[in-house]
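K.L.:
Take a look at the following structure, please.
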Amino acid sequence: MIKLTIDNKQIEVPQGTTIYEAAKQLGIEIPTLCYMHLGDMGIEHKPGGCRICVVEVEGRRNLAPSCNSKCEEGMVINTHNMRVLNARKTVMELMLSDHPFDCLVCAKSGNCDLQTMAHQFGVRELHYKGEQSTYKVDYSPSIIRDMDKCIMCRRCETMCNDVQTVGALSAVNRGFESVVAPAFEMDLEKSTCTYCGQCVAVCPTGALTEKDHTNQLIRDLADPKKTVVVQTAPAVRAALGEEFGMDAGTLVTGKMVSALRSLGFDKVFDTDFAADLTIMEEGTELLERLQKHLDGDKDVKLPILTSCCPGWVNFFEHHFPDMKDIPSTARSPQQMFGPIAKNYLAKQMGIKREDMIVVSIMPCLAKKYECQRDEFKVDGDPDVNYSISTRELANLIKQANMDLSTMADEDFDNPLGESTGAGVIFGATGGVIEAAARTAYEVYTGKTLEKVDFEALRGMDGIRSATVDFDGLPINIGIAHGLGNARKLLEDIRDGKSEYHAIEIMACPGGCIGGGGQPLHHGDSSILKKRAAALYREDEGKAIRKSHENPYIIKLYEEFLGKPCSELSHKLLHTHYFD
Ligand code: HC1
Ligand code: SF4
2 MIKLTIDNKQ
12 IEVPQGTTIY
22 EAAKQLGIEI
32 PTLCYMHLGD
42 MGIEHKPGGC
52 RICVVEVEGR
62 RNLAPSCNSK
72 CEEGMVINTH
82 NMRVLNARKT
92 VMELMLSDHP
102 FDCLVCAKSG
112 NCDLQTMAHQ
122 FGVRELHYKG
132 EQSTYKVDYS
142 PSIIRDMDKC
152 IMCRRCETMC
162 NDVQTVGALS
172 AVNRGFESVV
182 APAFEMDLEK
192 STCTYCGQCV
202 AVCPTGALTE
212 KDHTNQLIRD
222 LADPKKTVVV
232 QTAPAVRAAL
242 GEEFGMDAGT
252 LVTGKMVSAL
262 RSLGFDKVFD
272 TDFAADLTIM
282 EEGTELLERL
292 QKHLDGDKDV
302 KLPILTSCCP
312 GWVNFFEHHF
322 PDMKDIPSTA
332 RSPQQMFGPI
342 AKNYLAKQMG
352 IKREDMIVVS
362 IMPCLAKKYE
372 CQRDEFKVDG
382 DPDVNYSIST
392 RELANLIKQA
402 NMDLSTMADE
412 DFDNPLGEST
422 GAGVIFGATG
432 GVIEAAARTA
442 YEVYTGKTLE
452 KVDFEALRGM
462 DGIRSATVDF
472 DGLPINIGIA
482 HGLGNARKLL
492 EDIRDGKSEY
502 HAIEIMACPG
512 GCIGGGGQPL
522 HHGDSSILKK
532 RAAALYREDE
542 GKAIRKSHEN
552 PYIIKLYEEF
562 LGKPCSELSH
572 KLLHTHYFD
């Protein structure tokens with residue numbers, strides 16, 4: 002152990018502890034723009050690049066970056082004296098000398114760490130005039146890259162390479178020319194980017210932001226000729242409240258519904274309904290494949306992989322194209338909702354497809370891309386017109402001068418608003434496969450589950466596995482969240498080492514609750530755990546907790562689809578993948 006003094010407080014820390022960490026243990030927050038600690042993922046990004054976290058070590062000539070300087074015996078450290086404050090302010094001014102001044106219209110304004118810190122350090126004038134970077138803004142269907150605003154903290158690179166193992170972003174060029182970009186500085190859309198949005202979630206400035214669809218939504222809601230219906234993803238309700246000062250894990254389902262109705266949506270529906278539908282299709286596919294496998298059919302491939310996460314779909318299309326026949330062909334709930342709304346609901350409501358706008362509220366940025374994929378359009382008209390993130394919804398509610406915390410609870414509309422507990426838990430890692438297990442067990446065995454909670458499938462470990470007993474038939478289930486973890490399971494399958502019958506994969510750490518469009522959680526896994534717990538609470542409180550018992554799903558099959566995996570289901574609710 003090492004003894005040292007920080008801001009007149011004594012502390013003892015293990016060898017190897019950084020000054021930044023030791024200060025944190027004392028409750029001293031040292032500002033930083035590049036440091037990032039993702040505890041549960043075992044990732045500590047401490048490049049010491051931004052120099053904002055410098056501290057004074059008494060007896061040393063130079064200030065030390067606290068995030069990558071180790072504590073030493075007897076050190077006496079000052080984290081906030083005038084010498085340190087002066088240095089931080091100078092560093093900030095130098096950073097701003099090559100930063101655009103469009104804060105008034107910047108997508109990150111109000112949420113930008115650089116802006117917040119410049120304000121905190123009292124920067125009121127700029128003493129340095131330097132050369133300005135002039136990169137072309139890169140617009141992809143989900144993410145906008147404006148590298149003039151990049152401060153080279155390289156958090157995005159760590160997220161993309163170390164957590165997600167995608168490798169779409171890395172530092173290129175040197176000195177003033179250096180920038181984080183896809184290989185050969187190609188556009189993100191042409192790279193192997195999955196649009197998971199995890200880089201956006203950790204970017205401290207406006208360099209990486211989501212493609213914002215709010216203005217398009219405002220125009221549609223203001224147009225009396227359009228019928229605008231909305232679906233809300235499972236994970237949104239567990240995080241939206243954070244944008245209004247509520248604690249992480251506060252469920253705001255009913256308040257969110259009333260806010261959406263007040264914003265002017267004609268119908269407020271639930272993606273959870275479509276999640277129940279996904280279970281009917283995907284669960285049937287799982288059982289069909291399993292039965293053929295048991296019958297000795299060598300052509301049948303197991304494990305079956307869930308396919309509802311578009312970041313994950315992008316990942317295997319780019320990185321594992323040889324395995325594209327393994328995932329389920331079931332579309333995601335977002336993309337099942339669209340065709341049901343435009344083919345079934347529109348008819349019930351007596352409106353034409355082209356007059357209906359389907360909007361989704363998603364915790365995810367990849368969903369923006371997913372709904373624009375050609376296979377999800379009919380004569381150029383998308384089944385889901387566009388998707389907005391949880392953060393965009395929060396901003397719109399604030400723009401409309403509503404305070405979510407004081408809103409009354411309201412119920413979703415029907416028929417596409419009724420869901421079971423199984424649909425709700427889709428939003429947390431392990432939830433999709435637990436929902437599938439509830440239905441597949443009962444359909445396969447013909448018995449009623451005594452306990453619908455499959456606790457063994459829950460938790461936050463990056464890779465988990467459990468065996469579920471289907472009345473004498475052991476079903477091996479794997480779960481991975483975060484693409485780095487998914488890669489490990491996929492490599493095992495490719496090497497013929499996988500023992501699983503079914504695997505759930507979600508691109509974002511934590512599943513959708515940790516999506517790139519959610520309120521920023523700064524890598525704090527306790528926030529993810531609270532959001533997951535909220536979804537399991539909502540599941541527990543539901544009268545019906547198994548997808549196949551949703552009365553509106555039963556009716557949908559009776560009135561429209563016939564049966565799961567029918568010809569019409571295949572046409573509207575299934576898809577195919579690309580190399
Ligand atoms: Fe998800 Fe899904 S759970 S992908 O994480 O299958 O985004 O919440 O809506 O489509 O239902 C996201 C969440 C979401 C879909 C569902
Ligand atoms: Fe990498 Fe995901 Fe960002 Fe794409 S969206 S660059 S895959 S972290």
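Add 1 to a position in the sequence shown, counting from 1, and you land on the number used in our numbering.
Built from N, CA and C at the ideal position, the CB exists for glycine as well.
The structure presented is a predicted model; accordingly, all values stated were derived computationally and were not measured.
Quick check: does the Cβ of residue 368 come within less than 8 Å of any heavy atom belonging to the ligand HC1?
P.N.:
As a working mapping, residue 368 is identified with position 367 in the sequence shown. It does: the Cβ of residue 368 is within 8 Å (strictly closer) of some heavy atom of the ligand HC1.
K.L.:
Alpha helix (DSSP H) containing residue 485: first to last residue?
P.N.:
As a first step, residue 485 is located in the sequence shown; it is residue number 484 there, counting from the start. 484-495 is the span of the alpha helix (DSSP H), which, as asked, contains residue 485.
K.L.:
Would you report the Cα separation of residue 457 and residue 317, rounded to the nearest angstrom?
P.N.:
Position 456 of the sequence shown holds residue 457. Position 316 of the sequence shown holds residue 317. Spanning the two alpha carbons is a distance of roughly 26 Å.
K.L.:
Would you tell me roughly how many angstroms separate the C-alpha atoms of residue 68 and residue 195, rounded to the nearest one?
P.N.:
Locating residue 68 in the sequence shown gives position 67, counting from the first residue. Locating residue 195 in the sequence shown gives position 194, counting from the first residue. One C-alpha to the other measures close to 30 Å.
K.L.:
Hey, residue 481 and residue 504 are a contact pair by Cβ (cut 8 Å); roughly how many whole angstroms apart?
P.N.:
Within the sequence shown, the letter at position 480 stands for residue 481. Within the sequence shown, the letter at position 503 stands for residue 504. That belief holds up - the Cβ atoms of residue 481 and residue 504 are roughly 7 Å apart, short of 8 Å.
K.L.:
At the level of alpha carbons, what is the spacing between residue 346 and residue 358?
P.N.:
As a position in the sequence shown, residue 346 is number 345, starting the count at 1. As a position in the sequence shown, residue 358 is number 357, starting the count at 1. Going from the Cα of residue 346 to the Cα of residue 358 covers about 12 Å.
K.L.:
Return yes when the C-beta of residue 275 is under 8 Å from any heavy atom of the ligand HC1, and no when it is not.
P.N.:
The residue given as residue 275 occupies position 274 in the sequence shown. Because some heavy atom of the ligand HC1 lies under 8 Å away, the Cβ of residue 275 counts as near it: yes.
K.L.:
The ligand HC1 and residue 143: does any heavy atom of the ligand fall closer than 8 Å to the residue's C-beta?
P.N.:
By 1-based counting over the sequence shown, the position of residue 143 is 142. Checking the Cβ of residue 143 against the ligand HC1 gives no.
K.L.:
With 16 other CB atoms within 10 Å as the buried threshold, where does residue 448 fall?
P.N.:
Translated into the one-based positions of the sequence shown, residue 448 becomes position 447. By the 10 Å Cβ count, residue 448 comes out exposed.
K.L.:
Looking only at C-alpha atoms, which of 229, 492, 259, 247 sits nearest to residue 352?
P.N.:
Mapped onto the sequence shown, residue 352 falls at position 351. Taking only the C-alpha atoms, the option nearest residue 352 is 229.
K.L.:
Does the Cβ of residue 128 have 16 or more other Cβ atoms within 10 Å, making it buried, or fewer, making it exposed?
P.N.:
Here residue 128 corresponds to residue number 127 of the sequence shown, with the count starting at 1. Result: exposed.
K.L.:
Run the CB neighbour count on residue 22, radius 10 Å, all protein chains shown included, and call it buried at 16 or more, exposed below.
P.N.:
Counted from its first residue, the sequence shown places residue 22 at position 21. Answer is buried; the Cβ neighbour count reaches 16.
K.L.:
With DSSP as the reference, please indicate the residues paired to residue 505 in a beta bridge.
P.N.:
Here residue 505 refers to the residue found at position 504 when the sequence shown is read from its first residue. BP columns for residue 505 point to 480.
K.L.:
By the DSSP assignment, the beta strand (DSSP E) with residue 467 in it spans what residues?
P.N.:
Along the sequence shown, read from residue 1 onward, the residue named residue 467 stands at position 466. Element bounds for residue 467: 464-471.
K.L.:
What residue from 165, 231, 246, 150 has the CA that sits closest to residue 205's CA?
P.N.:
As a working mapping, residue 205 is identified with position 204 in the sequence shown. Taking only the C-alpha atoms, the option nearest residue 205 is 150.
K.L.:
List the residues that DSSP assigns as beta-bridge partners of residue 11.
P.N.:
Position 10 of the sequence shown, counted from the start, is the residue given in the question as residue 11. Residue 11 pairs with 6.
K.L.:
Considering only the alpha carbon of each residue, which of 6, 10, 214, 91 lies closest to residue 372?
P.N.:
Here the question's residue 372 lines up with position 371 in the sequence shown. Per the Cα distances, 214.
K.L.:
Alpha carbon to alpha carbon, how far is residue 342 from residue 266? Give it in angstroms, no decimals.
P.N.:
Within the sequence shown, residue 266 is the residue found at index 265, counting from 1. Within the sequence shown, residue 342 is the residue found at index 341, counting from 1. Between residue 266 and residue 342, the C-alpha separation is close to 14 Å.
K.L.:
Hey, residue 1 and residue 249: beta-carbon distance below 9 Å or not?
P.N.:
The displayed coordinates of the chain run from 2 to 580. Any statement about residue 1 would go beyond what the structure contains.
K.L.:
What is the DSSP secondary structure of residue 16, counted as helix, strand or coil?
P.N.:
Position 15 of the sequence shown holds residue 16. Reduced to three states, the DSSP call for residue 16 is coil.
K.L.:
Within the continuous alpha helix (DSSP H) that includes residue 336, where are the two ends?
P.N.:
As a working note, residue 336 is residue 335 in the sequence shown. First-last of the alpha helix (DSSP H) with residue 336: 334-341.
K.L.:
Inspect the beta-carbon positions of residue 14 and residue 31 and report whether they are closer than 9 Å.
P.N.:
What you label residue 14 is simply residue 13 of the sequence shown in a count that begins at 1. What you label residue 31 is simply residue 30 of the sequence shown in a count that begins at 1. No. Outside cutoff.
K.L.:
Which of the three DSSP states is assigned to residue 224 in this structure?
P.N.:
Reading the sequence shown from its first residue, position 223 is the one you call residue 224. Here residue 224 sits in coil by DSSP.
K.L.:
Please state whether DSSP places residue 271 in a helix, a strand or coil.
P.N.:
What you label residue 271 is simply residue 270 of the sequence shown in a count that begins at 1. Residue 271 falls in the strand class under three-state DSSP.
K.L.:
What is the DSSP secondary structure of residue 446, reduced to helix, strand or coil?
P.N.:
In the sequence shown, residue 446 corresponds to position 445, counting from 1. Note: residue 446 maps to helix in three-state DSSP.
K.L.:
Residue range of the beta strand (DSSP E) that residue 182 falls in?
P.N.:
Locating residue 182 in the sequence shown gives position 181, where the first residue counts as 1. That run of the beta strand (DSSP E) goes 180-182.
K.L.:
Residue 417 and residue 257 - do their beta-carbons sit closer together than 9 Å?
P.N.:
Your numbering for residue 257 matches position 256 in the sequence shown. Your numbering for residue 417 matches position 416 in the sequence shown. Their beta carbons are not under 9 Å apart, which means residue 257 does not touch residue 417 by this criterion.
K.L.:
Where does residue 434 fall in DSSP's three states?
P.N.:
The residue you call residue 434 lines up with position 433 of the sequence shown. In this structure, residue 434 counts as helix in the three-state DSSP scheme.
K.L.:
Within a Cβ cutoff of 8 Å, which residues of the same chain sit near residue 589, ignoring the five residues on either side of it in sequence?
P.N.:
Since the displayed the chain opens at 2 and closes at 580, residue 589 lies outside it and no answer follows.
K.L.:
For residue 155 and residue 43, which I take to be in contact (beta-carbon distance under 8 Å), what is that distance rounded to the nearest angstrom?
P.N.:
Here residue 155 refers to the residue found at position 154 of the sequence shown. Here residue 43 refers to the residue found at position 42 of the sequence shown. The pair is not a contact, with the Cβ atoms about 18 Å apart (cut-off 8 Å).
K.L.:
With a CB to CB cut of under 6 Å and the five nearest residues on each side skipped, what residues in its chain are close to residue 339?
P.N.:
Position 338 of the sequence shown, counting from 1, holds the residue named residue 339. Excluding sequence neighbours, residue 339 sits near 359, 384, 385.
K.L.:
Enumerate in chain order the residues of its own chain whose CB-to-CB distance from residue 88 is below 6 Å, with the five nearest sequence positions on each side excluded.
P.N.:
Numbered from 1 along the sequence shown, position 87 holds the residue referred to as residue 88. Within the same chain, residue 88 has close Cβ partners 55, 64.
K.L.:
Starting from the N-terminal side, write out each stretch of the beta strand (DSSP E) that is 3 residues or longer and does not extend beyond the stretch 149-180.
P.N.:
Qualifying beta strand (DSSP E) stretches, in chain order: 171-173.
K.L.:
For the ligand SF4, any of its heavy atoms closer than 8 Å to the Cβ of residue 257?
P.N.:
Looking up residue 257 in the sequence shown gives position 256. Residue 257: no, Cβ never under 8 Å from the ligand SF4.
K.L.:
Below 8 Å, is the gap between the Cβ of residue 507 and the nearest heavy atom of the ligand SF4?
P.N.:
Here residue 507 refers to the residue found at position 506 when the sequence shown is read from its first residue. Because no heavy atom of the ligand SF4 lies under 8 Å away, the Cβ of residue 507 does not count as near it: no.
K.L.:
Could you check what DSSP says for residue 63 in three-state terms: helix, strand or coil?
P.N.:
The count along the sequence shown starts at 1 and reaches residue 63 at position 62. It is coil, neither helix nor strand.
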